[in-house]
Amino acid sequence: MKILLVEDCQSVAEVIFDYFEESDFELDYAATGNLGLSLAQSQKFDCIILDIMLPGLDGISLCKQLRAEGNNTPIIMLTARDTNSDMLIGLRHGADDYIVKPFNLELLEARIHSVTRRHSGSGFITQLTCGPITLDINTHQVWRGKQEIKLTPICFKILSLLVKKSPNVVSRQEIEELLWSDDLPDQDILRKHVYQLRHKVDKPFKENIIETVPKLGYRLVVGQ
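Residue 65 in UniProt numbering sits at position 65 of the sequence shown, and the numbers go up by one each step.
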């Protein structure tokens with residue numbers, strides 16, 4: 001999950017970055033409202049954590065401009081003042097949620113999951129199913145039929161994307177952006193991970209369900 005943090009207090013930003021360092025969250029950072037707006041306009045994020053009090057362009061104005069441009073990325077407002085007026089103004093101008101400083105980092109994480117679930121329409125779904133494949137999103141367990149399959153975290157991410165997009169083709173570029181974002185490896189590492197995934201998901205079974213689509217990418221072929 002790719003998160004944009006717009007926060008002018010460096011110590012607060014450092015605490016948030018430290019907390020999410022070992023998570024599946026990838027954080028980008030802006031210390032000013034103007035930079036935050038530029039990043040939000042030029043890149044795709046799953047959630048924006050936005051401080052209200054910022055140098056230059058304030059958080060309310062930033063939120064208002066993004067919504068006017070049609071950007072519907074979920075926004076969580078940070079405010080140092082526990083007043084109804086701040087919260088109402090933020091919500092009226094397009095914020096999805098708010099949290100008051102100082103805040104519990106576990107609460108912030110829960111709020112992020114909550115707004116992104118609502119945005120994606122996934123609710124509280126914890127399992128994905130496609131043909132014989134079942135994935136548990138919380139435990140990262142995978143089954144093909146009744147047989148459990150042990151996957152590496154990277155292979156789990158690839159298979160999850162293939163399941164979500166099935167029966168459509170998933171391009172190599174889309175998978176690489178999911179795994180490595182802008183920090184793409186020099187070598188063709190993706191091919192090795194797909195080989196490992198096939199070794200686990202297809203090799204022990206009679207039928208292969210992971211298909212290579214030449215010059216495009218990969219897809220799951222099930223129920224045919």
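Note that the Cβ used here is the ideal one computed from N, Cα and C, for glycine as well.
Alpha-carbon spacing of residue i relative to residue j, whole angstroms
| i | j | result |
| --- | --- | --- |
| W143 | F25 | 25 Å |
| L105 | Y218 | 37 Å |
| Y29 | L190 | 28 Å |
| Q224 | T116 | Caution is warranted here: a pLDDT of 49 is assigned to Q224, below 50, making its placement in the model unreliable, and the coordinate value is therefore given only provisionally. Taking the straight line from one Cα to the other gives about 34 Å. |
| E211 | L220 | 6 Å |
| A95 | C63 | 7 Å |
| I3 | K44 | 9 Å |
| F17 | L27 | 7 Å |
| C155 | I149 | 11 Å |
| R172 | V213 | 10 Å |
| T73 | K206 | 43 Å |
| I158 | K164 | 10 Å |
| P55 | I75 | 19 Å |
| C9 | G131 | 48 Å |
| residue 235 | E177 | No answer is possible for residue 235: it lies beyond the span of the chain, which begins at 1 and ends at 224. |
| V100 | I89 | 14 Å |
| I48 | M1 | 11 Å |
| L127 | P204 | In the sequence as displayed, the identity of residue 127 is Gln instead of Leu. Looking at the two C-alpha atoms, the distance is approximately 23 Å. |
| P102 | M53 | 14 Å |
| I11 | V201 | A small correction: the amino acid at residue 11 is Ser; Ile does not occupy that position in the sequence shown. Each residue's alpha carbon lies about 45 Å from the other. |
| T134 | D46 | 24 Å |
| S23 | G70 | 29 Å |
| A110 | T129 | 25 Å |
| Y195 | G145 | 21 Å |
For residue i, the residue or residues it bridges with in DSSP
| i | result |
| --- | --- |
| G217 | S171 and V213 |
| R144 | I133 and Q147 |
| L128 | L135 |
Buried or exposed by the 16-neighbour rule on C-beta atoms within 10 Å, applied to residue i
| i | result |
| --- | --- |
| H93 | buried |
| E14 | exposed |
| G36 | buried |
| D51 | buried |
| S166 | buried |
| R118 | exposed |
| L5 | buried |
| E7 | buried |
| A68 | exposed |
| L162 | buried |
| G59 | buried |
| A40 | buried |
| Y98 | buried |
| G123 | In this predicted model, G123 has a pLDDT of only 49, less than 50, meaning its place in the structure is not dependable; the value taken from the coordinates is given anyway. Exposed, by the Cβ-count rule. |
| L107 | exposed |
| I175 | buried |
| L216 | exposed |
| G33 | buried |
| T79 | buried |
| residue 297 | The question about residue 297 has no answer here: the residues shown for the chain are numbered 1 through 224. |
| I137 | exposed |
Distance cut-off 7 Å: residue i Cβ against heavy atoms of the ligand PLP
| i | result |
| --- | --- |
| L37 | What this structure holds is no ligand at all, so the ligand PLP is not there to describe. |
Below-8 Å beta-carbon distance, residue i vs any chain B residue
| i | result |
| --- | --- |
| G94 | Of the protein chains in this structure there is only one, and it is not chain B. |
May I have a chain-ordered list of the alpha helix (DSSP H) segments no shorter than 4 residues that lie completely inside the UniProt domain "Response regulatory" (2–116)? 10–19, 33–42, 59–68 and 84–92
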